[in-house]
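Take a look at the structure below.
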Amino acid sequence: VVVGPDFGEDDELVWEVTSPNGKTRAAYGTLRQDYKLDNVVIMSETGALGAGSSDEKTRANIPPSVEVIGDNIRSVAVGEPVTIQTRVTDDGVPEPYDPMGFLRAFGGGAAALATPEMIRRRMMMTPPPRPTVTKHNGLFLSWNVYRATDTEAPVQEIVSFDPPQAKPWEDTRPSANSPWSFLWIPPEIPEDGIIDTQVTFDEPGTYVLWGRADDGGLYTDQYITVNVSP
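Take the position in the sequence shown, starting the count at 1, then add 217; the result is the number in the numbering used here.
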């Protein structure tokens, strides 16, 4: 937000939103430095940085780039899948979580016999060792419904994504498809960086879809609108 030259450190910019039940919430913005959110603060607050884990390379991290291939406004019929092609790229920082690579580096001779399936089974039998909530780093793309017109059923029941999308929010349950889950491992990204996602709608209306490319520390968002006819 660009403010005028007469906006001082003692001034506040206030955003208010009122829910359908009449409850109003406010968010405040100022020029004071203690309210500044830089990339290190963002990475720390998402759990990508733990105590003592910050270094020069991590602090130089830049958000991933995400590009929707094709139109940002689509039209489709109920029950007819629409394919979203998204190109994502990243600088590889922070270093992706890779339990198989860790085993190869430090597991000795037994590492030669290990497989990803064995690693997964071992993780499933191990209690989560985290004293605080942390996040597995690694690039992933997630599409979700950002806004929808009124629907008869809950929107999560009438809009389906294939493949199922990782949750871009904090779900710490061990088996959750979320970077904050103990068992979550970053997906493999195609060499060309292009990821296909099919979305199907069971009710007509106008839907705004939100796509997030997240490297574990920083993220970039894109949006598309889909008009669904009966």
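Cβ coordinates follow ideal geometry from the N, Cα and C atoms, glycine included. Computed from a predicted model, the values in this text were never measured in an experiment.
With a cut-off of 8 angstroms on the beta carbons, I'd call residue i and residue j a contact; round off their distance for me.
i, j, result
"residue 350", "residue 387", "7 angstroms"
"residue 429", "residue 438", "5 angstroms"
"residue 340", "residue 316", "7 angstroms"
"residue 358", "residue 412", "5 angstroms"
"residue 389", "residue 397", "5 angstroms"
"residue 271", "residue 257", "7 angstroms"
"residue 436", "residue 280", "6 angstroms"
Below 7 angstroms CB to CB, which residues in the same chain sit around residue i once its five sequence neighbours on both sides are set aside?
i, result
"residue 243", "231, 232 and 233"
"residue 403", "313, 314, 353, 355, 356 and 357"
Below 8 angstroms CB to CB, which residues in the same chain sit around residue i once its five sequence neighbours on both sides are set aside?
i, result
"residue 293", "299, 418, 443, 444, 445 and 446"
"residue 368", "375, 420 and 422"
"residue 226", "247, 248 and 249"
With burial defined as no fewer than 16 other Cβ atoms inside 10 Å of the residue's Cβ, what is the status of residue i: buried or exposed?
i, result
"residue 307", "buried"
"residue 277", "exposed"
"residue 449", "Absent from the structure is residue 449, since the part of the chain shown begins at 218 and ends at 447."
"residue 237", "exposed"
"residue 395", "buried"
"residue 452", "With the chain covering only 218 through 447, there is no way to say anything about residue 452."
"residue 433", "buried"
"residue 383", "buried"
"residue 424", "buried"
"residue 416", "buried"
"residue 385", "buried"
"residue 265", "buried"
"residue 311", "buried"
"residue 431", "buried"
Helix, strand or coil: how does DSSP classify residue i here?
i, result
"residue 279", "coil"
"residue 444", "strand"
"residue 252", "helix"
"residue 219", "coil"
"residue 449", "Any answer about residue 449 is impossible in this case: the structure gives the chain only from 218 up to 447."
"residue 258", "helix"
For the ligand COA, is there any heavy atom lying closer than 7 angstroms to the beta carbon of residue i?
i, result
"residue 242", "Only the bare structure without any ligand can be found here, which leaves the ligand COA out of the picture."
Could you pull the start and end residues of the beta strand (DSSP E) that residue i belongs to?
i, result
"residue 415", "411-418"
"residue 364", "357-365"
"residue 290", "290-294"
"residue 301", "299-306"
"residue 408", "Where residue 408 is concerned, there is no enclosing beta strand (DSSP E), given that its DSSP letter is neither H nor E."
"residue 233", "230-235"
"residue 425", "422-431"
"residue 241", "241-246"
Can you find the residues in the same chain that come closer than 6 angstroms, C-beta to C-beta, to residue i, ignoring five residues on each side of it along the sequence?
i, result
"residue 284", "304"
"residue 290", "442"
"residue 247", "229"
"residue 282", "306"
Just curious, the alpha helix (DSSP H) that residue i is in, first and last residue?
i, result
"residue 374", "372-375"
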